[in-house]
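Numbering-wise, the sequence shown is residues 1 to 423 according to my numbering.
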Amino acid sequence: RLALVDDTPGVTRDRREGEAALGDLRFRVIDTAGLDEAEPGSLEARMQEQTARALERADVALLLIDARAGVTPVDRHFADWLRRGKTPVVLVANKAEGRGGTSGVFEAFALGLGEPVALSAEHGDGMADLYAVLAPFADQQPASLPAPEGERGERPLQLAIIGRPNVGKSTLVNRLLGEDRVLTGPEAGTTRDAIATLWQWRGRAVRLIDTAGLRRRPKVEGKLEKLSVADTLRAIRFAEVVVLVVDGTQGLEKQDLAIAEMVEGEGRALVLAVNKWDVVEDKSAALQRVRDRLETSLPQLAGLRPVTLSALSGAGLAKLMPAVVETHAAWNVRITTPRLNRWLARVQERHPPPLVSGRRLKLRYMAQANIRPPTFALFASKPGELPDTYRRYLVNLLREEFDLPGVPIRMMLRKGENPYAEK
């Protein structure tokens, strides 16, 4: 269940793509916004433009009508619009289960798009009939379709763009892609789905994910917004690098810090993008405020370096992807055990662990247990007695020594074995 589903009209706004299968047919399906008449320049008009772009790229279009509601004037209007296009159209009468949709299926013949396919998407009825209609279109395609960019044996870098509503996430995605791939506008909360797009940056495959804005939990209202938030959280969990977009004119808000803490808690690599930098008046003072706030309120991501840019004009955008690649490399770093233990010996010489019951704690050994994020096992004589302050001290020194700014670091304390103890 990738697409958001609700009884409210107009849930879908952007076009959302996914790999699909029907029997032995394999294809890419694009879910689009509902067609409706709209004033030029309105949100609904921009949604229809996204649908038109999807239609231009499609090999076949499915026009869905509600069999229970029957054929409406809007159905007739857009059936005429689709007939004028070059894309073949298959008419689908959805919600046709039971007797309630029978009359609507017969009415659909009047649209002039041939015999309608009666089905129920919710219950899966009629999918065999849909297969029979789509199969001839598959026969018209080349024997082996080229794999989409980023799917030719190379696993794409999973990059999620997140932030509060109206900070410019979708504008940034469109600027990176070089096209109006996702819906933008002055309205807060324009994006609802997490929209993934395969992309190439300097020959490297990237899966770029635009997400819905995250408001403070008490302000999240209604089922639809809760679904959008859940979709964004799922995108964060499956991402490798997360770009947190903040409004440069407002600085780091409490909600921005809460989102950053959530990303760190999930163990994702984080890049901070300070957007709308072109309209910030005192840039040096604003940047210093951001750095000070990071230092005091986000110590668990010490060294996080903000990237200033303008998604609208493109200024500073060239710095973003190099920062993403650098952070991704740090998130995947593997440090050899000899290097770690030489570093640990130097640290203890400079600042030994504290005394416990009159005896000094011994840090015997250290090894990297995992990557993504970097995870270390520290073997000590009495791990339960090691203060959190000293553990944080070690983590911060790890960042400095091995150049891991802004990357979550996990340190697990283990009891070191005494070689002279009886087995």
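From the three backbone atoms N, C-alpha and C, an ideal C-beta is built for every residue, glycine too.
The beta carbon of I162 sits closer than 8 Å to the beta carbons of K169, T211, L214, T232, A235, I236, V242, V243, L244, V245, I259 and V263 from its chain, once the five residues preceding and following it are set aside; these are given in chain order.
Secondary-structure assignment with DSSP links R26 through a beta bridge to A21. If you draw a straight line from the Cα of L298 to the Cα of L252, it comes to about 11 Å. With 16 or more other Cβ atoms inside 10 Å of its own Cβ, A79 counts as buried. Distance from the Cα of I409 is smallest, within the candidate group T389, Q368, V167 and E385, for Q368. G104 carries a helical assignment under DSSP once its states are collapsed to helix, strand and coil.
Nearest C-alpha to L301 among R350, D282, M321 and L404: L404. Apart from sequence neighbours up to five positions away, the residues of its chain that approach L64 with a beta-carbon distance below 7 Å are V92 and N94, ordered along the chain. Membership of W199 in the beta strand (DSSP E) is indicated by the continuous run I195 to W201. E97 and D125 do touch by the CB rule: their CB atoms are close to 5 Å apart, below 8 Å. Taking every protein chain shown into account, the CB of A239 has 16 or more other CB atoms within 10 angstroms, so this residue is buried.
With fewer than 16 other Cβ atoms from the protein chains shown falling within 10 Å of its own Cβ, M412 counts as exposed.
The segment 318-335 makes no contact with the segment 345-359; the number of CB pairs closer than 8 Å stays below 3.
Here A69 is actually not in contact with M47; their C-beta atoms are around 21 Å apart, not less than 8 Å. Two segments are said to touch when three or more pairs of C-beta atoms, one from each, lie closer than 8 Å; by this definition the segment 354-363 touches the segment 377-395.
In the assembly as shown, V279 is an exposed residue. Its beta-carbon has fewer than 16 other beta-carbons within 10 Å. Rounded to whole angstroms, the gap between the alpha carbons of D247 and R202 is 28 Å. Excluding the 5 residues flanking it on each side, R289 has same chain C-beta neighbours closer than 8 Å at G251 and L252, in chain order.
For R410, the enclosing beta strand (DSSP E) has its first and last residue at R410 to K415. By the neighbour-count criterion, in which a residue is buried when 16 or more other Cβ atoms sit within 10 angstroms of its Cβ, S357 is exposed. In the three-state scheme derived from DSSP, where H, G and I count as helix and E and B as strand, L176 is classed as helix.
When the beta-carbon positions are compared, W277 and T308 come within less than 7 Å of each other. Pairing Y131 with L287 gives a Cβ-Cβ distance that is not under 7 Å. In this chain, the beta strand (DSSP E) harbouring L157 covers L157 to G163. If you keep only unbroken beta strand (DSSP E) runs of at least 3 residues inside the segment 235-305, you get 241-247 and 269-275. For A377, the uninterrupted beta strand (DSSP E) segment begins and ends at T375 to A380. Around the beta-carbon of P322, fewer than 16 other beta-carbon atoms lie within 10 Å, marking it exposed.
The beta carbon of Q255 is closer than 6 Å to those of R164 and R216 in its chain, skipping five residues each way along the sequence. Under the three-state reduction of DSSP, A33 is assigned to coil, being neither helix nor strand.
DSSP, reduced to helix, strand and coil, places A311 outside both helices and strands of the structure shown, so it counts as coil. Rounded to whole angstroms, L386 and E400 show a C-alpha spacing of 21 Å.
Under the three-state reduction of DSSP output, R364 falls in the strand class.
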